[in-house]
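Asker: Chains as they are written, first to last, in my numbering: chain A, -13 to 466; chain B, -13 to 466. Let me begin by handing over the structure; questions about it come next.
Below you can see the structure in the form of C-alpha cells.
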C-alpha cells in the first residue's frame, strides 16, 4: 500500500477506507492520540489507538520525534479541531527517538528560545514555527518565478564567482584554490594569482546586476534569483553574509516603469502567499499575538500579520522624492526635538534607518518609494538627472523592515558613465564588457534588487533575518 | 504610447491599428525592411519603410545592433515568412551601433565560431543561437520549479558557503576574507582561521544534499536548485567549475520511488519545453541539421532534436543493475575486440564514459538507469544492500550526455553510517548534525542530483557545456 501525504489525507473524503500515513510523532496523549506530521502541512493527522490494537513493545516506542508508518481507516473525527482522523490498525516504527536523548535537543516538547533553535538549525525545521516559515519561503520563491515568467521575463543565472569587484567596495569574499599555508608569490613579492584556479583574483558576487544588464540588452526582460554575498562585519538582525537576491532588469523601461514593476511584483507575491499559505500564516499570526502579550502595549503590533499583508495589497506605495523627504524630515517633530541620532539639517545626507522608519511608520504609514537621490550617495551606474546632482535611484521602504528594494534607471550614456567611473577610480579595463552595452544599441533601462530574506521577514513577521533562511551565515558562523 | 513586446505584436490581431515596438535592428534590407528583435522571442518583427517617411539622417543610423523605437500601423504582411508587419510612420534611434566598431565584435553579420562567441559572452545573447538557448534555459528552470511545487515539494536554499567538506574530497574552492598577502598564522605556524570572517575554514558547497536531507526530515519532500562548485582541473566540454544543480530529497521513499521520481521529473520538464519553446527548439533543430551537413554521414545525428526529445517522453528508461551491465559489457563486441580503452574484465570496476555510451547508445538505445553499484566506488551515505557489497545507488545515463542524474537511497541506519564514515576517515564531529537525522526519527529516504547544464545541453542539442550557461567558469577563466 502506498502512503498518502498528510495534506491530502486531511482533505480526503474517502471515509471508511484504508489509509497509510508516514511521518513523525508530534505528540502522543493518553496512550491513545498520536499526532503525526509529515511536513506537507503544519497540520497533524490525529491517529486514534484503541486498547490492545498494537503490541506493547511497539507502543512504548511511539515517542515524540519518532518516524512512524501508521495504517488504519479514515473516519470522521469525534473530537474538535479536525474533520477526519485515522482509526489505527497498525503502527510501524521506522526510526526511534529516545526521549532521554531528545531531551538534549530543541525537539523536546517545551519552549525553546529562537537563539537556542538557531544552534540546532538542522532540527528546527521540525518545529511548527520553522516548518511554517520554510514552507512560506518556498511558496514565496515560487511566486517570484511565476510572476516573472507570466510576464515574459527570462531567468538568468548570473555568475557567483566573479573577477569584477566594481560594486564590492572591498566587501566581497575571496575565492581561491591556492594553498593558504604556502601562497605562491610573484617577483614583486605579491600573491601570484596566475597560479590560482582562474588565473586571477576572484570574489563571490555582491550583485548580479551588471551581468543581468548585458542579458537585458539581448532578451529584453530578465531577472536573477540567486545567492549574493557580503563580507560585511555587521552582526544585526537584518544582515546576512550570504543571502538570496532577486534582480529584474528591463530594457526600454524608465524609473517610473521600474517603480510600477516593483510595486506590482511585490503585491503579486504577497497575494500569492495569502492565497497559498493560509494555515502557515494563521499559525505565524497567532505566534505573534502570543509574543505580543509579553510586551508592553506600546510595543505591540498595530495590525495582525495577515491584515498587514492585506494592507500592502490595498494601498498604493507612496512615491516621494528624496528632496521632499528631506523637507519632511527637517520639519519633523523628532528632528526639531533633536530625537534623531543623526539630525537632518540639509540636503545631501544619506538617510539612516531612523529616518526611513519615521517616514514609513509615522509620517506616511504605508510603504514608501523614495526616488531621485543625490548622486554622491548612490552607485556609479545610476542615471544622472538633468539637474546634474540627483540620480534616478529608488528605494522601497517597508514598515518594520526598512529598505526592501533598491533600484534605479541605469546610466545609458557611454560618455556620462565613463566620466562617473573615472571620478570613482573604477578602471574601464575591468568593465569593458559592461561599457560595451552602452557602445552598441544602448537604451533606457532599469532594474532593482530585492533582498529575498527581508521579504520573508516581512511576510512571516519574524524579527531576525537568521530565522528565515535555513542555515544563516554571519560573522563567525558558518555551521552545518 | 506604451510599447508592445514583439512576441505580442506577432500574435496580435489588431490590424490597422497604431503600434510601437522597441528593440534592436537585426537587419536592414534594401533601405526598406527593418527586422527588429527585442528578445521576447526568436522571431523578428518586420518593419516596412516607405520612401521619404523618415529623415535621411535618422535612416542612416538604422544599423545592425542599434536600439530603435518604431511606430507604425500593424498590417497583414505582403511578404512570406510572417503573418503581420509594421508599416513604419516614425523611427527613433535610442542607441547607435557604429558599423565600423561593430565589425570588431561578434555582432557583425557574419558567421562566428562558438569559441569566438565565448570570448564575447556579454554580447552572444544577442545572437539567434544564444537567445534561443537562454530562453530554453529559463523555461527549463521554471519547469523544474513548477514540477516540484505541483507535487508538494518545498524549495530549500541550502548554504553556498560551508564548513563541511565531507563530499568535497579536496575539490572545494576556499572562501576567505583573510589578506592573502599577509596571512595570519597561529603558534604552530599554520593559517589562523580564527581570524577569518567565519572563524574557521570555509568552502564553496559541492552539493546541498546533506543539508537537504535534514530538511526532508522536517518538510518531507524538498528540492534544491542552486549553484554548486568544483575546483576540478578538467577542461572538457562537460565540466564547469560553477554549475547549477537540482537536488530533490524525499522522506519515506526508497530507490524504486527515487527512480520513478527522476524519470517522471525529467519527462515533465522536457514536455514543458516542447510545449513552451517551439520556435526556439525549431531554430536549434535547424541549426543542428545545418551543422550536420558539414559532417561525414556516420557522425550525423540519428534523430532530429525534437524527435530525440519526444523519444525520451515515449520510452521507459531501461533499469539495469550494475551487475547486469558488467555482464553485458564483458560480453560486448568492443570489449572482446579490445576496443575499450578500459577493458572490462570483472565486477567492481567503475564505468567509464565509453562504457556508459556503449550501453545507452549501442546496446539499449534509450536512457538507462544503472543501479546497485559496488559500495567501494560510491559515496559513504548510500544505503548498503543486504549483500554487503553493493549500495542502493542509481545513475541515469542519457545518449550523447552520459550521466545526467546521480542518486541513491540514503543509509538511514546510524550504526552502518558511522562504520562507513570511520572506514573513510570522515570525522563524526564534522557531521554531528547530519548524524542527528539518523538519531531522531530516521527513515527510509532517497534523493538525486541533476546537473542542470547537462540537461540544457541535451535539450538544446549544443555540444559544449560552456555554451549553455551565461558566463561559464572553467580553469583559468572567470571573465565578466
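Every residue, glycine too, gets a C-beta built ideally from N, C-alpha and C.
#1: I need the straight-line Cα distance from residue 25 of chain A to residue 139 of chain B, nearest angstrom please.
#2: Go ahead and pull the three-state DSSP assignment for residue 368 of chain B.
#3: Just the chain C side, please: which residues come within less than 7 Å of residue 128 of chain A by C-beta, in chain order?
#4: Within the same chain, show all residues whose beta-carbon is closer than 8 Å to that of residue 180 of chain A, passing over the 5 residues directly before and after it, in chain order.
#5: Just the C-alpha distance for residue 302 of chain A and residue 463 of chain B, rounded to the nearest angstrom, thanks.
#6: Could you check which residue in A:167, A:178, A:135, A:191 has the C-alpha nearest to that of residue 147 of chain A?
#7: Taking C-alpha atoms, which residue in A:304, A:197, A:321 lies nearest to residue 242 of chain A?
#8: Closest to residue 19 of chain A by C-alpha separation, out of A:35, A:29, A:220, A:8, would be which residue?
#9: How is residue 78 of chain B classed by DSSP in three states: helix, strand or coil?
#10: Under 8 Å between beta-carbons, which chain B residues line up against residue 459 of chain A? List them in chain order, please.
#11: Would you mind telling me which residues of chain A sit closer than 8 Å to residue 120 of chain B, beta carbon to beta carbon, in chain order?
#12: Chain B partners of residue 463 of chain A, CB-CB under 8 Å?
#13: Would a check of beta-carbon distances place residue 333 of chain B closer than 9 Å to chain A?
#14: Under three-state DSSP, which class holds residue 133 of chain B?
#15: Residue 211 of chain B and residue 130 of chain B - do their beta-carbons sit closer together than 9 Å?
#16: Does residue 263 of chain B come within less than 9 Å of chain A when only Cβ atoms are used?
#17: May I ask you to report which of helix, strand or coil DSSP gives residue 10 of chain A?
#18: So, is the C-beta of residue -11 of chain B closer than 9 Å to a C-beta in chain A?
#19: Per DSSP, what kind of secondary structure is residue 250 of chain A in: helix, strand or coil?
#20: Output the distance between the C-alpha atoms of residue 353 of chain A and residue 382 of chain A, rounded to the nearest integer angstrom.
#21: From residue 282 of chain A to residue 326 of chain A, what does the alpha carbon distance come to, in whole angstroms?
#22: In terms of DSSP beta bridges, what is residue 307 of chain B paired with?
#23: Just the chain A side, please: which residues come within less than 7 Å of residue 521 of chain B by C-beta, in chain order?
#24: State buried or exposed for residue 15 of chain B, treating a residue as buried only when at least 16 other CB atoms are found within 10 Å of its CB.
#25: According to DSSP, is residue 289 of chain A helix, strand or coil?
#26: For residue 175 of chain A and residue 259 of chain A, I'd like the C-alpha separation in whole angstroms.
#27: Do you know how far the Cα of residue 359 of chain B is from the Cα of residue 391 of chain A?
#28: Should the segment -13 to -6 of chain B be called in touch with the segment 313 to 328 of chain A, which here means at least 3 C-beta pairs below 8 Å?
#29: Let me know the secondary structure DSSP gives residue 339 of chain B once reduced to three states.
#30: Does the pairing of the segment 162 to 169 of chain B with the segment 215 to 233 of chain B give three or more beta-carbon distances under 8 Å?
#31: What first and last residue would you give for the alpha helix (DSSP H) that runs through residue 201 of chain B?
#32: With DSSP as the reference, please indicate the residues paired to residue 234 of chain B in a beta bridge.
#33: How about residue 380 of chain B and residue 394 of chain B: are their beta carbons less than 9 Å apart?
#34: Candidates B:465, B:11, B:17: which alpha carbon is nearest residue 23 of chain B's?
#35: With distances taken from CA atoms, which of B:1, B:27, B:56 is nearest residue -12 of chain B?
#36: By Cβ distance below 7 Å, which residues in the same chain neighbour residue -1 of chain A in space, the five residues on each side in sequence not counted?
Answerer: Based on what the coordinates show:
#1: 10 Å
#2: strand
#3: The structure shown contains no chain C; the protein chains it does contain are A and B.
#4: 172, 186
#5: Per the coordinates, the alpha-carbon of residue 302 of chain A lies some 46 Å from the alpha-carbon of residue 463 of chain B.
#6: A:191
#7: A:304
#8: A:35
#9: strand
#10: 145, 147, 184
#11: 140, 142, 201, 204, 205
#12: 184, 185
#13: No - not a single Cβ of chain A is within 9 Å of the one on residue 333 of chain B.
#14: helix
#15: yes
#16: no
#17: Strand.
#18: At least one chain A Cβ lies under 9 Å of residue -11 of chain B.
#19: helix
#20: 7 Å
#21: 23 Å
#22: B:357
#23: Lying outside -13 to 466, the shown extent of chain B, residue 521 of chain B is not represented and no answer is given.
#24: Answer is exposed; the Cβ neighbour count stays below 16.
#25: Coil at residue 289 of chain A, not helix or strand.
#26: 56 Å
#27: 49 Å
#28: no
#29: helix
#30: No contact exists between the segment 162 to 169 of chain B and the segment 215 to 233 of chain B.
#31: 195 to 205
#32: B:209
#33: With contacts defined by Cβ atoms closer than 9 Å, residue 380 of chain B and residue 394 of chain B form a contacting pair.
#34: B:11
#35: B:56
#36: Apart from sequence neighbours up to five positions away, no residue of its chain approaches residue -1 of chain A with a beta-carbon distance below 7 Å.
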